[in-house]
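Below: one structure, written as structure tokens.
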Amino acid sequence: MHDANFIERLGRLHRDGVPFCIVTLVDARGSIPQEVGATAVFGKDGLLFGTVGGGRLEARCIEKARELLAPGQTTRTVFERLNLHRDLGMTCAGEVALYYEVHGAAHRWEVVIFGAGHVGQKLCRFLTELDCHVVCVDPRQDWLDRLPRSERLEARLVGDFAEGVDAVSDGTAVAVMTMGHATDVPVLVALERKACRLSYLGVIGSDSKAAILRRHLREAGVSPSFIESIICPIGERLGDNTPAEIAVGVLSHLVKVRRQPAS
Numbered sequence: 003m004h005d006a007n008f009i010e011r012l013g014r015l016h017r018d019g020v021p022f023c024i025v026t027l028v029d030a031r032g033s034i035p036q037e038v039g040a041t042a043v044f045g046k047d048g049l050l051f052g053t054v055g056g057g058r059l060e061a062r063c064i065e066k067a068r069e070l071l072a073p074g075q076t077t078r079t080v081f082e083r084l085n086l087h088r089d090l091g092m093t094c095a096g097e098v099a100l101y102y103e104v105h106g107a108a109h110r111w112e113v114v115i116f117g118a119g120h121v122g123q124k125l126c127r128f129l130t131e132l133d134c135h136v137v138c139v140d141p142r143q144d145w146l147d148r149l150p151r152s153e154r155l156e157a158r159l160v161g162d163f164a165e166g167v168d169a170v171s172d173g174t175a176v177a178v179m180t181m182g183h184a185t186d187v188p189v190l191v192a193l194e195r196k197a198c199r200l201s202y203l204g205v206i207g208s209d210s211k212a213a214i215l216r217r218h219l220r221e222a223g224v225s226p227s228f229i230e231s232i233i234c235p236i237g238e239r240l241g242d243n244t245p246a247e248i249a250v251g252v253l254s255h256l257v258k259v260r261r262q263p264a265s
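Numbering of the sequence shown is given in the numbering used here, commencing with residue 3 and proceeding in unit increments.
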């Protein structure tokens, strides 16, 4: 049972946007340095507060927590069983089971959508049901006003679509669904120049549009490797061509890519 101070400190970490990992000793056998239920909280630089036993056991928790808090890591929970003598070289002959829970902004799924049109509206609505942070970029205030209200969704008004590239960082998933080639191409050129490592980059359109888009990008001097990284047509083909079904196909593909193990 955690005391009020422990809960308050966790709340402070949440409010400050600090990523952290809670480690709980959930089972044990034999001689161990702490009781079952002991809990410690770790950040990327080590122990923040609490204890699961100190020494080599704590050092192991620090190592595992750093691994789980690393950029690009999507695993949120891990169960680990250790023999203290065999695995950690401790004099204790017991075994422990540890449960790791990752929290914080470092693991927030960031999605940036260029275009608040019909498909963008549906995609934003679906994404707000998931554990993510969405930025929808558009120069049209009236379309942004139609977006659903959610703490997970930021509607960003820009002078032109390419300005929205400021919302993109390493690991971001990007869906480009503006009004056409004339507005898609500047966004993609700006994305290449920013040189972020995107987790996903898709552009809405048909097979014929994809061919034209790639030709325009080559003419704009975009590198072949960047052009090759673009998924166009975006999403999975599920049947009908309605905005809702296109958005479902995009969402399905985004989630699948997100859940793929990091290479």
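We treat Cβ as the ideally placed atom computed from N, Cα and C, and that holds for glycine.
Quick caveat: nothing in here was measured; it's all calculated off a predicted structure.
For residue i and residue j, I'd like the C-alpha separation in whole angstroms.
{"i": "residue 60", "j": "residue 98", "result": "12 angstroms"}
{"i": "residue 120", "j": "residue 103", "result": "37 angstroms"}
{"i": "residue 254", "j": "residue 76", "result": "17 angstroms"}
{"i": "residue 244", "j": "residue 158", "result": "25 angstroms"}
{"i": "residue 201", "j": "residue 188", "result": "20 angstroms"}
{"i": "residue 145", "j": "residue 127", "result": "14 angstroms"}
{"i": "residue 9", "j": "residue 226", "result": "51 angstroms"}
{"i": "residue 63", "j": "residue 133", "result": "26 angstroms"}
{"i": "residue 30", "j": "residue 96", "result": "7 angstroms"}
{"i": "residue 90", "j": "residue 56", "result": "12 angstroms"}
{"i": "residue 94", "j": "residue 88", "result": "10 angstroms"}
{"i": "residue 69", "j": "residue 173", "result": "17 angstroms"}
{"i": "residue 205", "j": "residue 122", "result": "12 angstroms"}
{"i": "residue 208", "j": "residue 52", "result": "55 angstroms"}
{"i": "residue 242", "j": "residue 223", "result": "35 angstroms"}
{"i": "residue 154", "j": "residue 221", "result": "37 angstroms"}
{"i": "residue 168", "j": "residue 246", "result": "28 angstroms"}
{"i": "residue 240", "j": "residue 38", "result": "49 angstroms"}
{"i": "residue 92", "j": "residue 24", "result": "23 angstroms"}
{"i": "residue 210", "j": "residue 129", "result": "28 angstroms"}
{"i": "residue 111", "j": "residue 156", "result": "14 angstroms"}
{"i": "residue 7", "j": "residue 228", "result": "50 angstroms"}
Is the beta carbon of residue j closer than 9 angstroms to that of residue i?
{"i": "residue 232", "j": "residue 203", "result": "yes"}
{"i": "residue 249", "j": "residue 46", "result": "no"}
{"i": "residue 178", "j": "residue 236", "result": "yes"}
{"i": "residue 164", "j": "residue 191", "result": "yes"}
{"i": "residue 22", "j": "residue 71", "result": "yes"}
{"i": "residue 106", "j": "residue 13", "result": "no"}
{"i": "residue 251", "j": "residue 238", "result": "yes"}
{"i": "residue 11", "j": "residue 50", "result": "yes"}
{"i": "residue 33", "j": "residue 86", "result": "yes"}
{"i": "residue 234", "j": "residue 216", "result": "yes"}
Taking residue i as the reference, give the member of the options with the closest Cα.
{"i": "residue 113", "options": "175, 165, 161, 122", "result": "175"}
{"i": "residue 15", "options": "43, 28, 250", "result": "43"}
{"i": "residue 100", "options": "182, 188, 28, 13", "result": "28"}
{"i": "residue 142", "options": "150, 238, 161, 152", "result": "161"}
{"i": "residue 138", "options": "149, 144, 128, 132", "result": "149"}
{"i": "residue 36", "options": "19, 20, 58, 79", "result": "58"}
{"i": "residue 26", "options": "11, 79, 13", "result": "79"}
{"i": "residue 171", "options": "68, 152, 56, 135", "result": "135"}
{"i": "residue 40", "options": "65, 11, 5", "result": "5"}
{"i": "residue 82", "options": "66, 155, 224", "result": "66"}
{"i": "residue 219", "options": "93, 154, 183, 38", "result": "183"}
{"i": "residue 151", "options": "131, 168, 169", "result": "131"}
{"i": "residue 118", "options": "228, 7, 210, 147", "result": "147"}
Tell me whether residue i is buried or exposed, calling it buried when 16 or more other Cβ atoms sit within 10 Å of its Cβ.
{"i": "residue 140", "result": "buried"}
{"i": "residue 181", "result": "exposed"}
{"i": "residue 17", "result": "exposed"}
{"i": "residue 194", "result": "buried"}
{"i": "residue 199", "result": "exposed"}
{"i": "residue 259", "result": "exposed"}
{"i": "residue 166", "result": "buried"}
{"i": "residue 186", "result": "buried"}
{"i": "residue 54", "result": "buried"}
{"i": "residue 197", "result": "exposed"}
{"i": "residue 261", "result": "exposed"}
Does any residue of chain C have a CB that is nearer than 9 angstroms to the CB of residue i?
{"i": "residue 38", "result": "Protein chain content of the structure displayed is limited to a single chain, and chain C is not contained in it."}
Notebook entry, point to check: What are the start and end residues of each continuous alpha helix (DSSP H) run of 4 or more residues lying completely inside the segment 115-175, in chain order?
Noted result: Within the segment 115-175, complete alpha helix (DSSP H) segments of at least 4 residues are found at 120-129, 143-146, given in chain order.
Margin query: Could you tell me which whole alpha helix (DSSP H) segments of length 4 or greater appear in the segment 41-81?
Written below: If we require 4 residues or more, the alpha helix (DSSP H) runs fully inside the segment 41-81 come out as 57-70.
Notebook entry, point to check: Can you list the alpha helix (DSSP H) stretches of 4 or more residues lying completely in the segment 169-223, in chain order?
Noted result: Counting only runs of at least 4 residues, the segment 169-223 fully encloses the following alpha helix (DSSP H) elements, listed from N- to C-terminal order: 183-196, 209-221.
Check: Which runs of the beta strand (DSSP E) spanning at least 3 residues fall entirely within the segment 12-39, listed in chain order?
Finding: Fully enclosed beta strand (DSSP E) runs of 3 or longer: 22-31.
Note to self: Which complete alpha helix (DSSP H) runs does the segment 220-255 hold, if anything under 4 residues is left out?
What the structure shows: Here the runs fully enclosed are 226-231.
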